[in-house]
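Line order of the protein sequences matches chains A and B. Residue 49 in the UniProt record's numbering is what sits at position 49 of the first sequence, and the numbering runs on without skipping anything. Residue 40 in the UniProt record's numbering is what sits at position 40 of the second sequence, and the numbering runs on without skipping anything. Below: the structure, in structure tokens.
Number of protein chains: 2
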Amino acid sequence: MPETAPVILQMDFPFSGPWGEEMAAQLEGLARDIAAEPGLIWKVWTENAEAGRAGGVYAFETEEQAHAYLTKHTNRLAEFGITGIEAKVFRANTALSAITHMPFTASPGA
Amino acid sequence: MPETAPVILQMDFPFSGPWGEEMAAQLEGLARDIAAEPGLIWKVWTENAEAGRAGGVYAFETEEQAHAYLTKHTNRLAEFGITGIEAKVFRANTALSAITHMPFTASPGA
Numbered sequence: 001m002p003e004t005a006p007v008i009l010q011m012d013f014p015f016s017g018p019w020g021e022e023m024a025a026q027l028e029g030l031a032r033d034i035a036a037e038p039g040l041i042w043k044v045w046t047e048n049a050e051a052g053r054a055g056g057v058y059a060f061e062t063e064e065q066a067h068a069y070l071t072k073h074t075n076r077l078a079e080f081g082i083t084g085i086e087a088k089v090f091r092a093n094t095a096l097s098a099i100t101h102m103p104f105t106a107s108p109g110a
Numbered sequence: 001m002p003e004t005a006p007v008i009l010q011m012d013f014p015f016s017g018p019w020g021e022e023m024a025a026q027l028e029g030l031a032r033d034i035a036a037e038p039g040l041i042w043k044v045w046t047e048n049a050e051a052g053r054a055g056g057v058y059a060f061e062t063e064e065q066a067h068a069y070l071t072k073h074t075n076r077l078a079e080f081g082i083t084g085i086e087a088k089v090f091r092a093n094t095a096l097s098a099i100t101h102m103p104f105t106a107s108p109g110a
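Take a look at the structure:
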């Protein structure tokens, strides 16, 4: 665990699918690339087919790494024709999060 | 891990502190209550002192439990005089999240 509290980035954007398993099959390569992102502790991939939005929640070791990734991913999404990104950055409260079952350690990945 | 994908709830609201360790000391009791919430897998507590906002990212086993908690927590925050809540609900993509180091298992808690 990093000495300072992890930084939480939440972002989402308009998305027209695919969803679920089909989304996973299509974006597996991107996921493996993101898994190696500097400072990434974890990313939860999020999707809402009814709202037509997808995105993710990320934990990074530092605020600089979170912002660098946000810029990089925003540019990558623009190449896919995706705009209208909504993003928020927070610091995690590790003491309270530990009580509510959130371990800030990365798994080995799949 | 539940058979269906976990539901991710992200919410935040105007907050004037306290922050960090002081926040953790003040809200430890609330955290222990939330840790026992039906269907909660984990909650990450989020804070942004510069933006004057705090909240959390939650994983629940079902959409019904996520929405029930959102209603309950919105009412609880209103009792504290807190309004202006922004909330989003998504389904997690577990296959992609596993690649990016996100284990959907609860820790024993602190």
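Each residue gets a CB set at the ideal place from its N, CA and C atoms; glycine is no exception.
Residues in the stretch 19-32 of chain B with C-beta within 9 Å of chain A's C-beta atoms, listed in sequence order? Trp19, Gly20, Glu21, Met23, Ala24, Ala25, Leu27, Glu28, Leu30, Ala31, Arg32
Given that residue 173(A) touches chain B, what residues does it touch there, using C-beta distances under 7 Å? Given a span of 1 to 110 for chain A in the structure shown, any question on residue 173(A) remains unanswerable.
Indicate whether at least one CB of chain A lies closer than 8 Å to the CB of Asn75(B). no
Determine, for Lys88(A), whether the minimum Cβ-Cβ distance to residues of chain B falls below 8 Å. yes
Cβ atoms of Arg53(B) and Pro14(B): under 8 Å apart, would you say? yes
Determine, using beta carbons only, whether Ile85(B) comes closer than 8 Å to chain A. no
Beta-carbon within less than 6 Å of Ala49(B)'s beta-carbon, same chain only, minus the 5 sequence neighbours each way: which residues are those? Trp19
Proximity below 8 Å, CB of Pro6(B) to CB of Ile34(B): no
Beta carbon of Thr94(A), beta carbon of Phe80(A): below 8 Å? no
Can you list the beta strand (DSSP E) stretches of 3 or more residues lying completely in the stretch 29-84 of chain B, in chain order? 40-48, 53-60
Chain A beta carbons: is any one of them nearer than 8 Å to that of Ser97(B)? yes
Can you tell me which of the three DSSP states Ala92(A) falls into? strand
Proximal residues of chain A, C-beta to C-beta of Gln10(B) below 7 Å: Gln10, Val57
Bounding residues of the beta strand (DSSP E) (the contiguous stretch that carries Met11(A)): 7-14
Would Glu47(A) count as contacting chain B if we go by Cβ distances under 8 Å? yes
Partners in chain A for Ala35(B), counting only beta-carbon separations shorter than 9 Å: Ile99, Thr100, His101
Tell me the rounded alpha-carbon separation between Ala24(B) and Val89(A). 19 Å
Length of the line joining the Cα atoms of Arg32(B) and Ser97(A): 10 Å
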